[in-house]
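**Q** Residue 567 in the working numbering sits at position 541 of the first sequence, with consecutive numbering throughout.
Built from N, CA and C at the ideal position, the CB exists for glycine as well.
The structure under discussion is supplied below as structure tokens; questions concerning it will follow.
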Amino acid sequence: MPIHITFPDGAVKSFDAPPTALDIALGISPGLAKQAVVAKVDGELWDLSRPIEHDARLELVKRNAPEALEVIRHDAAHVLGQAVQELFSGTQITFGPATENGFYYDFARAEPFTEADLAKIEARMHDIVQRDLPLEREVWSHAQAVDYFSAHGETFKAEWIRDGIAPDAELTVYRQGEWLDLCRGPHLPSTGRIGTAFKLTKVGGAYWRGDANNAQLQRIYGVAFADDKALNNYLHMLEEAERRDHRKLGPQLDLFHLQEEAVGSVFWHPHGYTLYREIENYIRRRLQKAGYVEVKTPMLVDRVLWERSGHWAKYRENMFTAESEERTLAVKPMNCPCHVQIFKQGIKSYRDLPLRMAEFGACHRNEPSGSLHGLMRVRGFTQDDAHIFCLPSQIGPETVAFCDLLLSVYRDFGFSDVHVKFSDRPEVRAGDDATWDRAEGALRDAIEQTGLAYTMNPGEGAFYGPKLEFVLRDAIGRDWQCGTLQVDFVLPERLDAEYVAEDGSRQRPVMLHRAVLGSLERFIGILIEQHSGAFPAWLSPVQVVVATIVSDADDYAREAVEALRAAGLRAEADTRNEKINYKIREHSLMKVPVIAVVGRNEAEQHTVTLRRLGQKDQQTLALADAAAALATEARPPA
RNA sequence: GCCGGGAUAGCUCAGUCGGUAGAGCGACUGAUUCGUAAUCAGUAGGUCGGAGGUUCGAUUCCUCUUCCCGGCACCA
């Protein structure tokens, strides 16, 4: 019985025996066969070397297609597995998937892998690729697989099959030379097709099946691409990320430092704190325009309030506490219970709603030591937090208004690529299912009203309500979660917040927890990396340095600084007895956006010669004109 | 928190197969007054992360500990 293969262009070919996609490609052109990585048979990814036994639509996937890249990476993981087992006998394999930029494989081995091992392993991988071993698909029974892996000392693999896969399931195994792994596939026809564009990048720990209670494995990471050019681009991106690292730039630019005696907390230096305040003031202006009121609430609050709110039960481990005269006080990890206390002062009417209560709330959370990371993950931080107390009917319009505000703020900071994630009920939560149905429904309606696209993030909501998470993409393509909006029916109930409705009855308000930047510390970390420390003028800690060429110009330099400051600029004089080259270099390295050079000529003519960061050309202007022009440039967004 | 690696001058780093350390930059002092990314010379600066142990002697070897880095887990 002939088999009919339909091509994307509608052409049909028939074959007497089940053909492989590779046969078919070869029949069309050897070039195509070389380019093809996998096939799509009736839309399903399929090995090129797997016979097609029924009539089907066939599409050949070429090397540079996204699906192809995943297959290449997955194959590289298999080759990594083989290389490690060839070199280090007694090492067990576990899982080895493709990742966003490459692949990893988790191994069980008593001895740690070293950086030197990595080089050896990588060399062996190239060797296995050169051997060009065919990757052969085999269908095994459950029992056969358990027996095989048990007999070969692969206890993790055997356990996984026994506990994780139904006993009647058919399993597939991919064999390459002497080595094989349980795998769904698909794979390349042979290891040679992986090419040379891969590299092992790091070793690290990982837990068996992602659970911290399980055995600790060793994960070897690699990156892999379709060709060397793509690999090199990626490696350059990594270098670029390293160059921008805020942990290096922060102290270098004299913005902040961290030290052992205050782990996870930031010492802001004058320049860093200037940046911090500039951001805070900008947000304050935006909030004021958007109808928020600002408050400040206590840092130390009796545990009884946290017990009532539910935080004590769920987050006690991560809260810092202090003792005082028989009381246990907790350093606030969040601001919401405190805001409810302000809400509850006096009687609120439905006419008072929505009430938008903002705070630059200084919070402390005892984060696990291993999670701390520069400014990105700290124990003491300040949120641009607010709680909107509103009627259920106001959730929609408030969400729309908030999203507008958030996107506009992000744009002002130079981020325009933002996406939204919707996180629904977590396993451990407060409030009954009906309340969650209501909250999730309300938030879904609200996000629909904004017209923004979003993706689901199941089970990642806060314990008191579902949330939207706003993720921005930075200049080198990394994603950062900053903003959030959470719908909460639980805390108003627990903390007994109420308002008087139109009919005189007492009702619970809804609380929307929301933040735009999230944590100021973290956001500044992101900004430093976004701009590699060269901030836009309005954020620059020092906006202009007036640098003298000769000491005769010192007095004039001071006069110029005064004029610039009077125009609202953050200006400094550099009258040190150094050559102008030296000063230019130093302030350029400190990423000052404008250097105003003054020598005898400028002093006589009352002008300044401006030089912009990274540019060579000069511009001589009257001092007053320069001050006015620079002040305009450095004006913060409204 | 867990696995692995690391910590030497303000910074970047070298070094000591166990005999208490060195460079460049920076700082300081002096000279130089110079036109757009490093002027020259001199001087000072280190309980070699902390505690304990082995040793005649430890920055070096061992144990514990703190912090940092990579990874995982966690992230209200």
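1. Gly530 and Val513 - do their beta-carbons sit closer together than 7 Å?
2. Start and end of the alpha helix (DSSP H) containing Trp717?
3. Pull up the CB-CB distance for Ala424 and Asn344, whole angstroms please, since I reckon it's below 8 Å.
4. Could you say if the segment 165-172 and the segment 193-204 meet the contact criterion of at least three C-beta pairs nearer than 8 Å?
5. For His613, which residues in the same chain have their Cβ closer than 6 Å to its Cβ, ignoring the five residues on either side in sequence?
6. Hey, Val618 and Val568 are a contact pair by Cβ (cut 8 Å); roughly how many whole angstroms apart?
7. According to DSSP, what are the bridge partners of Ile50?
8. Please determine, among Glu304, Leu261 and Val624, the residue with the shortest C-alpha to C-alpha distance to Ala660.
9. Can you name the residues that DSSP bridges to Pro374?
10. For Leu331, which residues of its own chain have a beta-carbon under 6 Å away from its beta-carbon, when the five flanking residues on both sides are left out?
11. Pick from Tyr131, Trp234, Gly221 and Arg353: whose alpha carbon is nearest that of Ala250?
12. Can you give me the Cβ contacts of Val87 inside the same chain, cut-off strictly under 7 Å, excluding the 5 residues immediately before and after it?
13. Short of 8 Å in beta carbon distance, which residues of its chain neighbour Gln111, apart from the five on each side in sequence? Order them along the chain.
14. When you compare the segment 397-409 with the segment 454-461, are there three or more beta-carbon pairs, one atom per stretch, that lie closer than 8 Å?
15. Nearest CA to the CA of Asp328: which residue from Pro359, Leu52 and Ala316?
16. Considering only the beta carbon of each residue, do Asp207 and His104 sit closer than 7 Å?
17. Between Ile187 and Val172, is the Cβ-Cβ spacing less than 7 Å?
18. Could you check if Gln420 is buried or exposed, using at least 16 other CB atoms within 10 Å of its CB as the buried criterion?
19. Counting only runs of 4+ residues fully inside the segment 387-469, write out the alpha helix (DSSP H) ranges in chain order.
20. Taking buried to mean at least 16 other C-beta atoms within 10 Å of its own C-beta, is Arg311 buried or exposed?
21. With 16 as the cutoff for other CB atoms within 10 Å, does Gly640 come out buried or exposed?
22. Determine whether the beta carbon atoms of Ile554 and His272 lie at a separation below 7 Å.
23. Looking at the structure shown, is Thr140 part of a helix, part of a strand, or coil, going by DSSP?
24. Taking the straight line between their C-alpha atoms, what separation do you get for Asp471 and Val321?
25. Should Phe224 be labelled buried (16 or more other beta-carbon atoms within 10 Å of its own) or exposed?
26. Kindly provide the ranges of any alpha helix (DSSP H) runs that are 4 or more residues long and lie completely inside the segment 181-249, ordered along the chain.
27. Considering only residues of the same chain and omitting the five flanking positions on each side of Lys146, which have a CB-CB separation below 8 Å?
28. Of all the alpha helix (DSSP H) runs that stay within the bounds of the segment 44-111, which reach a length of 4 or more residues?
29. So, Leu261 versus Thr217, is the Cβ gap smaller than 7 Å?
30. Starting from Tyr608, follow the alpha helix (DSSP H) in both directions and report where the run begins and ends.
31. I need the boundaries of the beta strand (DSSP E) containing Ile554, first residue and last residue.
32. Among Glu180, Arg99 and Trp506, whose alpha-carbon lies nearest the alpha-carbon of Ser115?
33. Taking the straight line between their C-alpha atoms, what separation do you get for Gly317 and Ala523?
34. Determine whether the beta carbon atoms of Ala82 and Asp68 lie at a separation below 7 Å.
35. Between which two residues does the alpha helix (DSSP H) harbouring Met482 extend?
36. In angstroms with no decimal places, state the Cα-to-Cα distance between Leu417 and Ser375.
**A** From the atom records:
1. Not a contact, by the Cβ cut-off of 7 Å.
2. Nothing in the structure corresponds to residue 717, since the chain is present only between 27 and 664.
3. Checking the sequence shown, residue 424 turns out to be Glu, not Ala. About 29 Å; that fails the 8 Å criterion.
4. Segments in contact, yes.
5. Here His613 has Val571 and Ile621 as same chain residues with Cβ atoms under 6 Å from its own Cβ, once five neighbours each way along the sequence are excluded.
6. Rounded to the nearest angstrom, the Cβ distance from Val618 to Val568 is 5 Å, consistent with a contact under 8 Å.
7. Answer is none; Ile50 lacks a bridge partner.
8. Ranking the options by Cα distance to Ala660, first place goes to Glu304.
9. Correcting the residue type first, residue 374 is Lys in the shown sequence and not Pro. Answer is Tyr525.
10. Taken in chain order, the residues that qualify are Pro363.
11. Of the listed residues, the one whose Cα sits closest to Ala250 is Gly221.
12. Closer than 7 Å at the Cβ level, and outside the excluded window around Val87, lie Ala62, Val63, Val64, Ala65, Lys66, Glu93 and Ala94.
13. Sequence-distant partners of Gln111 (beyond 5 residues in either direction) whose C-beta falls short of 8 Å from its own C-beta, in its chain, are Thr117, Ile119 and Trp205.
14. Touching, no.
15. Considering only alpha carbons, the answer is Pro359.
16. Yes; because the gap between Cβ atoms is below 7 Å, this pair is in contact.
17. In contact: Ile187 and Val172 (Cβ atoms closer than 7 Å).
18. Flag for Gln420 reads buried.
19. Fully enclosed alpha helix (DSSP H) runs of 4 or longer: 421-438.
20. It counts as exposed.
21. Burial call: exposed.
22. A distance below 7 Å separates the beta carbons of Ile554 and His272.
23. Coil, per DSSP.
24. Going by the C-alpha atoms only, they are around 30 Å apart.
25. Around the beta carbon of Phe224, 16 or more other beta carbons lie within 10 angstroms, which makes this residue buried.
26. Runs found: 181-190.
27. The beta carbon of Lys146 sits closer than 8 Å to the beta carbons of Leu113 from its chain, once the five residues preceding and following it are set aside; these are given in chain order.
28. Entirely contained in the segment 44-111, the alpha helix (DSSP H) runs reaching 4 residues are, in chain order, 47-54 and 56-61.
29. Result no, Cβ atoms of Leu261 and Thr217 do not sit closer than 7 Å.
30. For Tyr608, the enclosing alpha helix (DSSP H) stretches over residues Ile606 to Leu615.
31. Counting along the chain, Ile554 falls outside any beta strand (DSSP E), though it belongs to the alpha helix (DSSP H) covering Leu546 to His557.
32. The alpha carbon of Ser115 has as its nearest neighbour, out of Glu180, Arg99 and Trp506, the alpha carbon of Glu180.
33. Computed Cα separation, rounded: 21 Å.
34. Closer than 7 Å, so yes.
35. Going by DSSP, Met482 is part of no alpha helix (DSSP H) but of the beta strand (DSSP E) stretching over Tyr480 to Asn483.
36. In this structure, the CA atom of Leu417 is about 11 Å from the CA atom of Ser375.
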